[in-house]
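Asker:
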Amino acid sequence: MLRRSVIVTAAVLAAVLGVQTGAQAAPAPGSAGAGDVYYPKYGNGGYDVANYDIRLRYYPDTDRLTGTTTILATATQDLSAFNLDFVLATQSVRVNNRPAGYARRGDHELVVTPARPVAKGEQLTIVVQYDDVPSEVVASGFTSWNRTPDGALAVNEPEIAWWWYPSNDHPTDKAGFDVSVLVPDGVEAISNGVPTRWAQPVIGGWDRWSWRQDKPQAPYLAFLAIGDFDTYQDTSADGSPIVSAYSRRLAPATAAAARSSVERTDEILDWEAGLFGPYPFGARGGVVTGAGDQGFALENQTRPVYDGQSFARGSNNSLIVHELAHQWFGDSVSVGQWKDIWLNEGFASYAQWLWSEEQGEGTAAEIAAYVYSEVYPADDPFWQVLPGDPGATRLFDGAVYDRGALTLHYLRERVGDETFFAILRTWAETQRYGDGTTPEFVALAERISGQELDGFFQTWLYTPERPDLGVSTLTAPVRPRSWPAIVAARH
Ligand SMILES: [Zn+2]
């Protein structure tokens with residue numbers, strides 16, 4: 107570390123003094139994308155973020171959001187300019203204590219030009235001030251900021267960060283997060299991680315809510331839920347904070363059903379830790395929004411956000427199992443490319459099958475047989491979508507979930523239970539707080555099983571037809587009792 111910092115200091119000095127060295131290239135703009143094949147402009151090149159400090163004030167009556175976000179980053183090349191992904195009206199940008207130039211380019215790129223070039227390895231402090239009405243800011247044809255009757259939700263995938271803080275918006279650049287929100291007295295503002303200030307009164311009828319996420323987090327997994335919520339705080343056996351919140355707009359029976367599921371979060375995390383290895387984060391909990399507010403659940407890191415509608419007909423533990431399994435597969439281990447989305451959704455879906463087996467509502471083998479032969483007959487267009495390369499417009503297609511889970515189930519049958527769970531645990535451990543791609547997962551499965559599995563994964567992930575299982579395994583599958591709940595939790 108010391109040797110590296112000496113080299114960095116020399117590079118910084120060279121840049122500041124304008125010294126030309128033979129090996130040094132001229133500073134150049136960082137790229138406008140992180141190299142994602144589906145979303146070439148998502149994320150940016152040239153720097154690596156360590157922390158976001160997001161300080162906001164939100165006016166529920168008008169949906170006005172004002173804020174200052176401070177980004178701590180390190181330049182990964184000599185930079186003359188760099189991009190942030192951001193769409194709100196910006197008042198000022200400062201880089202390393204000097205006003206910087208900035209300009210909108212395309213529909214979600216903010217190009218920042220520092221007053222002086224930044225050398226590779228140099229620390230960057232980027233301060234962005236902004237003021238806008240996010241629900242009225244359209245980018246790529248939509249806004250993901252969701253204004254509700256009593257507040258707002260910043261919950262979506264893959265695009266949500268653009269509407270509330272500037273970022274390097276790709277799962278491969280994770281960072282710590284501090285989120286601090288000023289809201290009118292009586293309004294709750296919930297986010298990820300540990301609450302560091304709980305409704306701290308501020309002069310003039312405003313309260314400050316502050317949250318700290320100290321484990322690396324992908325930008326899209328940061329969330330805000332502002333509105334009228336009933337909140338509950340507890341502590342897990344290991345001392346970690348448990349925070350759950352329920353919209354006060356929920357019907358009483360729905361709120362009770364939601365609580366009966368979400369309050370089992372700690373227990374379900376323990377069960378999943380037994381399968382996948384230690385829970386990668388400390389803080390935990392869940393947020394339940396008004397019925398129909400966003401229409402889906404999302405695995406926001408440490409604290410998934412559920413739509414109240416999911417509990418309108420009673421408790422829904424399968425959904426909790428799905429979103430919590432994402433804490434290992436999706437949040438701690440994120441996709442290296444968005445095309446690898448089955449590594450999130452196939453795994454979280456398979457956790458539901460395992461939960462069904464645990465609950466005596468149908469074994470994973472019974473669910474697999476039913477899905478394969480009854481839910482999706484061979485001529486169903488379902489089999490045309492490739493879980494390993496679904497295309498950007500089918501990122502959340504049913505095949506990503508159900509064929510992804512089938513892939514894992516038939517991998518399990520092929521390598522045996524002990525090897526299969528060793529593969530899952532090793533994946534969660536070796537890629538923890540980072541990301542992974544399908545080829546990396548295939549290589550790991552081959553290494554641990556000692557089997558050549560290219561053909562197996564080619565068939566299950568990349569072939570537009572129903573794989574041939576052989577008829578003997580498919581005698582008259584019946585619908586497992588858990589199937590409706592599994593389908594309802596396809597999020
Ligand atoms: Zn999911």
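In the numbering used here, the protein residues as written are 107 to 597. Just so it is clear, CB atoms sit at the ideal spot from N, CA and C, and this is done for glycine as well.
Report the option in S462, T176 and P573 whose CA atom is closest to the CA atom of N53.
Answerer: The shown model of the chain, from 107 to 597, leaves out residue 53, and the question about it has no answer.
Asker: Select from I296, Q229, T544 and Q197 the residue whose C-alpha is nearest the C-alpha of W317.
Answerer: For W317, the nearest C-alpha among the options comes from I296.
Asker: DSSP state of N189, grouped into three classes?
Answerer: strand
Asker: According to DSSP, Y456 sits in a beta bridge with which residue or residues?
Answerer: Y456 is not bridged to any residue.
Asker: Using three-state DSSP, classify T127 as helix, strand or coil.
Answerer: With a pLDDT of only 45 at T127, under the threshold of 50, the placement of this residue in the model should not be trusted; the figure read from the coordinates follows. Three-state DSSP puts T127 in coil, outside helix and strand.
Asker: Classify G345: buried if its beta carbon has 16 or more other beta carbons within 10 angstroms, exposed otherwise.
Answerer: exposed
Asker: List the whole-angstrom C-beta distance separating Y148 from A140, where the pair is believed to meet the contact cut-off of C-beta under 8 Å.
Answerer: 6 Å
Asker: At a threshold of 8 Å, does H428 count as lining ligand 1 (C-beta to nearest heavy atom)?
Answerer: yes
Asker: Determine the contact status of S455 and D372, defining contact as a CB-CB distance below 9 Å.
Answerer: no
Asker: Using 10 angstroms around the beta-carbon of G128, count the other beta-carbons present and answer buried if the total reaches 16, otherwise exposed.
Answerer: Note that G128 scores a pLDDT of 43, beneath 50, so its modelled location is shaky; the value from the coordinates is reported in the next line. By the C-beta density criterion, G128 is exposed, having fewer than 16 other C-beta atoms within 10 angstroms.
Asker: Can you tell me which of the three DSSP states A598 falls into?
Answerer: This structure leaves residue 598 out entirely; the chain is present only between 107 and 597.
Asker: Quick test of the definition: if touching needs 3 or more C-beta pairs under 8 Å, does the stretch 508-517 touch the stretch 474-484?
Answerer: Touching, yes.
Asker: For the stretch 432-443 and the stretch 407-414, state whether three or more C-beta atom pairs, one from each stretch, are separated by less than 8 Å.
Answerer: Because the criterion of three Cβ pairs below 8 Å is met, the stretch 432-443 and the stretch 407-414 touch.
Asker: Give me the Cα-Cα distance between G136 and E464, rounded to the nearest whole angstrom.
Answerer: Cα atoms of G136 and E464: separation of roughly 50 Å, rounded to the nearest angstrom.
Asker: Would D191 be called buried (16 or more neighbouring beta carbons within 10 Å of its own) or exposed?
Answerer: It counts as buried.
Asker: Which term fits A209, buried or exposed, when burial requires 16 or more other beta carbons within 10 angstroms of its beta carbon?
Answerer: exposed
Asker: Please determine whether the Cβ atom of E228 lies at a distance below 8 Å from any heavy atom of ligand 1.
Answerer: no
Asker: Which of the three DSSP states, helix, strand or coil, is assigned to L425?
Answerer: Of the three classes helix, strand and coil, the one that applies to L425 here is helix, per DSSP.
Asker: Alpha carbon to alpha carbon, how far is V218 from I554? Give it in angstroms, no decimals.
Answerer: 46 Å
Asker: Hey, does W461 have any beta-carbon neighbour from chain B nearer than 9 Å?
Answerer: This model lacks chain B altogether; it includes just one protein chain.
Asker: Alpha carbons only, please: which of P322, F417 and V199 is nearest the one belonging to G299?
Answerer: P322
Asker: In chain order, what residues of the same chain have a beta carbon less than 8 Å from the beta carbon of Q197, not counting five sequence neighbours either side?
Answerer: Q235, Y236 and D237
Asker: Below 7 Å CB to CB, which residues in the same chain sit around R161 once its five sequence neighbours on both sides are set aside?
Answerer: G173, T174 and S286
Asker: Nearest-angstrom Cα distance between A397 and L375?
Answerer: 25 Å
Asker: How big is the Cα-Cα spacing for Y478 and T231?
Answerer: Computed Cα separation, rounded: 52 Å.
Asker: Cβ atoms of R585 and E451: under 9 Å apart, would you say?
Answerer: Result no, Cβ atoms of E451 and R585 do not sit closer than 9 Å.
Asker: Does the count of Cβ pairs from the stretch 358-371 and the stretch 491-507 closer than 8 Å reach three?
Answerer: no
Asker: Which residue from P384, S342 and R355 puts its Cα closest to that of R370?
Answerer: S342
Asker: How do the stretch 241-252 and the stretch 275-291 stand: do at least 3 beta-carbon pairs fall below 8 Å, yes or no?
Answerer: no
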